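Take a look at the structure set out below.
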Amino acid sequence: MKILVTGGTGLLGGRLIPRLSGDGHQVFALTRSASSHAKLRALGAHPVGGDLESSSPLPLPEIDALVHAAALFRFSGPRGPIFRTNIEGTARLLTSAEKAGARTFVHISAAGVIMDDAGTPIRDADESAPTSPNHFSAYLASKCQAETIVLAANKPGLRTLALRPPALWGPGDPFSRALPQAINSGRFAFIDRGDYAFATCHVDNVVEAVQCALERGEGGRAFFITDQDKLTFREFIAGLASAQGLSIEKLHSMPYWLAVNLGRLMDTVWAATRMEGDPPMSRSMMRMIGREFSVNDAAARRELGYVGRTSRTDGLRGYGEVLLS
1 MKILVTGGTG
11 LLGGRLIPRL
21 SGDGHQVFAL
31 TRSASSHAKL
41 RALGAHPVGG
51 DLESSSPLPL
61 PEIDALVHAA
71 ALFRFSGPRG
81 PIFRTNIEGT
91 ARLLTSAEKA
101 GARTFVHISA
111 AGVIMDDAGT
121 PIRDADESAP
131 TSPNHFSAYL
141 ASKCQAETIV
151 LAANKPGLRT
161 LALRPPALWG
171 PGDPFSRALP
181 QAINSGRFAF
191 IDRGDYAFAT
201 CHVDNVVEAV
211 QCALERGEGG
221 RAFFITDQDK
231 LTFREFIAGL
241 ASAQGLSIEK
251 LHSMPYWLAV
261 NLGRLMDTVW
271 AATRMEGDPP
281 MSRSMMRMIG
291 REFSVNDAAA
301 RRELGYVGRT
311 SRTDGLRGYG
321 EVLLS
């Protein structure tokens, strides 16, 4: 197939493009920067100019399928830029994909679209759980609304699906990169000791799910995808820390209510002072990582043929390989 990938220079795109190319597909990658062309070619993709943040048309080459993995992620900050990229950009991409002849559109959504504002613990939720299109988190609201647009576009001749991974991890992911400094500086603290279920999905398992969705699956549907290993947040952090030569034994903990209020305070300070980047704590961050959150991916396993072959042990081994290199 001729497949176009967005987000080709990101964590997921960087693993997906070589896999698709290795499977014999002709892969294109949307990029707004000429400086990314060499990297994309090295991964096995043909660069295609285009910017999801711009209102300009997105002229795409003739393709059979599109995998939309690009998104603007921020824990804090104004909604406008996030909505323009993640919602309006997705809508424009859908239109362009159909004009380019795409018959399959796989959208990388987020499991967090079912999180509510109140911080309600979520246990073993399936796709029947309600979503939160007006979530206080601009990112989660944008992913929810973009997913709705994608699934509503399903029709004869254009099969649209959404994959909902929870916390995405793998060598080079932003959270893992930030963890050593946060631990060593004493700025990392658990919420409620981290003793709650926390759903994860290794980047290679998301790649596997994309490969499945390109070949099968009913259009107009969203599918949760997770790792086979079920962990608490504390166990997840312990694994990432150990793989990078760190220990969690001396880390402190705070209650969820305190973490949320500190996050809300920092959001206010960052907005008032117009400081760049995300604050060290935010209400959105605490909501995403500070409460029990587990989902059921039986539908993806049954209908897409998804397995989740990359285990926690195999995934953590990859961190050691990166450190050695």
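The sequence shown begins at 1 in the UniProt record's numbering and counts up one residue at a time. Ideal Cβ placement from N, Cα and C applies to all residues, glycine included. Quick caveat, the model's predicted, so the values are computed rather than measured.
Mapping the DSSP letters down to three states, classify residue i as helix, strand or coil.
i	result
M254	strand
L158	strand
H37	helix
K143	helix
I248	coil
V113	helix
A125	strand
T31	strand
T120	coil
F190	strand
A153	coil
A197	strand
T232	strand
E62	coil
F75	coil
Just how far apart, CA to CA, sit residue i and residue j?
i	j	result
Q244	A141	33 Å
L66	D297	23 Å
E62	A238	46 Å
T9	Q26	17 Å
Y256	F198	15 Å
F293	R164	13 Å
Q145	S35	31 Å
R274	A299	43 Å
R79	E88	12 Å
A111	D126	10 Å
L4	L30	7 Å
A20	Y306	Checking the displayed sequence, the identity of residue 20 turns out to be Leu instead of Ala. Their Cα atoms are separated by approximately 16 Å.
L258	H37	45 Å
R15	L52	21 Å
H107	E235	29 Å
W270	R301	42 Å
K143	D173	19 Å
G186	P279	16 Å
G119	L11	28 Å
A100	R177	37 Å
E98	L231	40 Å
Y139	A102	27 Å
F175	Q181	11 Å
Check the DSSP bridge columns for residue i and list the partner residues they point to.
i	result
R164	F224
W169	H202
H135	Note: H135 sits in no beta bridge, so no partner.
V106	V67, L161
K2	Q26
P47	A29
Residues in its own chain within less than 8 Å of residue i by CB, not counting five upstream and five downstream?
i	result
D116	S132, H135
P59	G50, S96
G44	I17, P18, L20, S21, G22, V27
I122	I114, M115, A129, R291, E292, F293, S294, V295
Between which residues of its own chain and residue i is the CB-CB distance below 7 Å, once the five residues before and five after are set aside?
i	result
L304	A209, C212, A213, R216, G217, F223
A189	L251, H252, S253, M254
D229	S311, R312
G219	N154, R159, T160, L161
L324	Residue placement at L324 cannot be trusted, given a pLDDT of 41 that sits under 50; what the coordinates show is reported in the next sentence. Counting only Cβ-Cβ distances below 7 Å, and skipping sequence neighbours, we find nothing.
A241	L179, I183, S247, I248
H202	W169, G170, D227, T310, G315
F233	G194, Y196, F198, I289
S282	F75, S76, G263, M266, D267
R92	L58
K39	T9
Leaving out the 5 sequence neighbours to the left and right, which residues in its chain are closer than 6 Å to residue i when beta-carbon positions are compared?
i	result
R193	S253
G7	G13, A69, A70
S284	F75, S137
A167	T200
M1	H25, D64, A65
G318	P171
T85	L52, E53, L72
D124	S294, N296
Original post:
Where in the segment 267-314 do unbroken runs of the alpha helix (DSSP H), each at least 4 residues long, occur, reported from the N-terminal end onward?
Top reply: 283-289
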